[in-house]
Amino acid sequence: MTRVVLFGTGRGAAIAHRFLAADSSHEVVGFTVDDEHLAADTHRGLPLVGFGEVENRFPPDDFEMLILLGYQQMNRLRQRKFEEAKAKGYRLASYVSSSIFQPEPIQHGENCFIHDNQSISLDVRIGDNVVMWSSNHIGDLSVIEDHAWVASHVTVAAEVTIGPRAFLGIGATVTNGVHVGEEALVGADVLVTDDVAPKSVLVAGKGKIEFEALPFMRAMIGGGKL
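Sequential numbering of the sequence shown, starting at 203, is according to the numbering used here.
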């Protein structure tokens, strides 16, 4: 059994704690937050320590870490914490729901959180620090690159590449062979039939919009929860 420290005390950490306890071989042994947010010694009945000294209380040789943060700053916040934990020497644990049908083991990196009821086909590769919420379909030979976020009920066809830090909203559909560029945002219910340039935004019914033209979208991503 792997002993795991969870980063955060918000919704993401609570979700990770409950899923790991109910559906994994991981044992959650404590929590950590940035030092300036440390306001107690315990959280959910377990030790809570500052990130600045977490390696003293939970040495990286003996414990792993899992960081389930949201898509703030187009997933850059979660990426930054992932890199800081790696710099401290931690191996980052992943959670893959046991409810997923797997014709062969899923190829995934560190610090992935892959929820229930996924349909993941053959030869799919999932990078580091990827979050996939419930009930998505990922077609064969597709690649989801590092730090991406896939919301619920997303359909990704075959031989698709989802670039680093990209965001796919609820119900989005990406057709065969499409490349979604780095840090692109595909909104809810969007049908994507052509390659998506890096940092662009697709909104249902409005086509492609430059990211700079959507300040409200920037605010949403900057304040994304979890």
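Glycine included, C-beta positions come from ideal geometry on N, C-alpha and C.
- Fully enclosed beta strand (DSSP E) runs of no fewer than 3 residues occupy 402 to 405, 409 to 412 of the stretch 342 to 420, in order along the chain.
- For residue 266, the enclosing beta strand (DSSP E) has its first and last residue at 266 to 269.
- The beta carbon of residue 229 is closer than 6 Å to those of 203, 205 in its chain, skipping five residues each way along the sequence.
- Unbroken beta strand (DSSP E) runs of no fewer than 3 residues, entirely contained in the stretch 259 to 329, are found at 266 to 269, following chain order.
- In the three-state DSSP reduction, residue 247 falls in the coil class, being neither helix nor strand.
- Assignment of residue 332 by DSSP, reduced to helix, strand and coil, places it in the coil class.
- Using a Cβ distance threshold of 9 Å, residue 279 and residue 214 do not count as a contacting pair.
- Residue burial annotation: residue 367 is buried, with at least 16 other C-beta atoms found within 10 angstroms of its C-beta.
- A distance below 9 Å separates the beta carbons of residue 376 and residue 394.
- Assignment of residue 214 by DSSP, reduced to helix, strand and coil, places it in the helix class.
- For residue 378 against residue 350, the beta-carbon gap comes to about 19 Å, at or over 8 Å, which does not count as contact.
- Going by DSSP, residue 228 is part of the beta strand (DSSP E) stretching over 228 to 235.
- The shortest C-alpha to C-alpha distance from residue 327 to any of 339, 347, 209 is the one to 347.
- By the 16-neighbour rule on beta-carbons within 10 angstroms, residue 227 is exposed.
- Residue nearest to residue 268 within the set 363, 276, 312 is 312 (criterion: CA-CA distance).
- Non-local beta-carbon contacts of residue 266 in its own chain, meaning distances under 6 Å to residues more than five positions away in sequence, involve 204, 206, 293, 295 in chain order.
- For residue 310 and residue 252, the gap between their C-alpha atoms comes out near 29 Å.
- By the neighbour-count criterion, in which a residue is buried when 16 or more other Cβ atoms sit within 10 angstroms of its Cβ, residue 301 is exposed.
- Exclusion of the five residues before and after residue 324 leaves 305, 306, 342 as the residues of its chain whose Cβ lies within less than 7 Å of its Cβ.
- Counting every other CB atom within 10 Å of its CB across the protein chains shown gives residue 208 a total of 16 or more, marking it as buried.
- Per DSSP, the beta-bridge partners of residue 209 are 234, 269.
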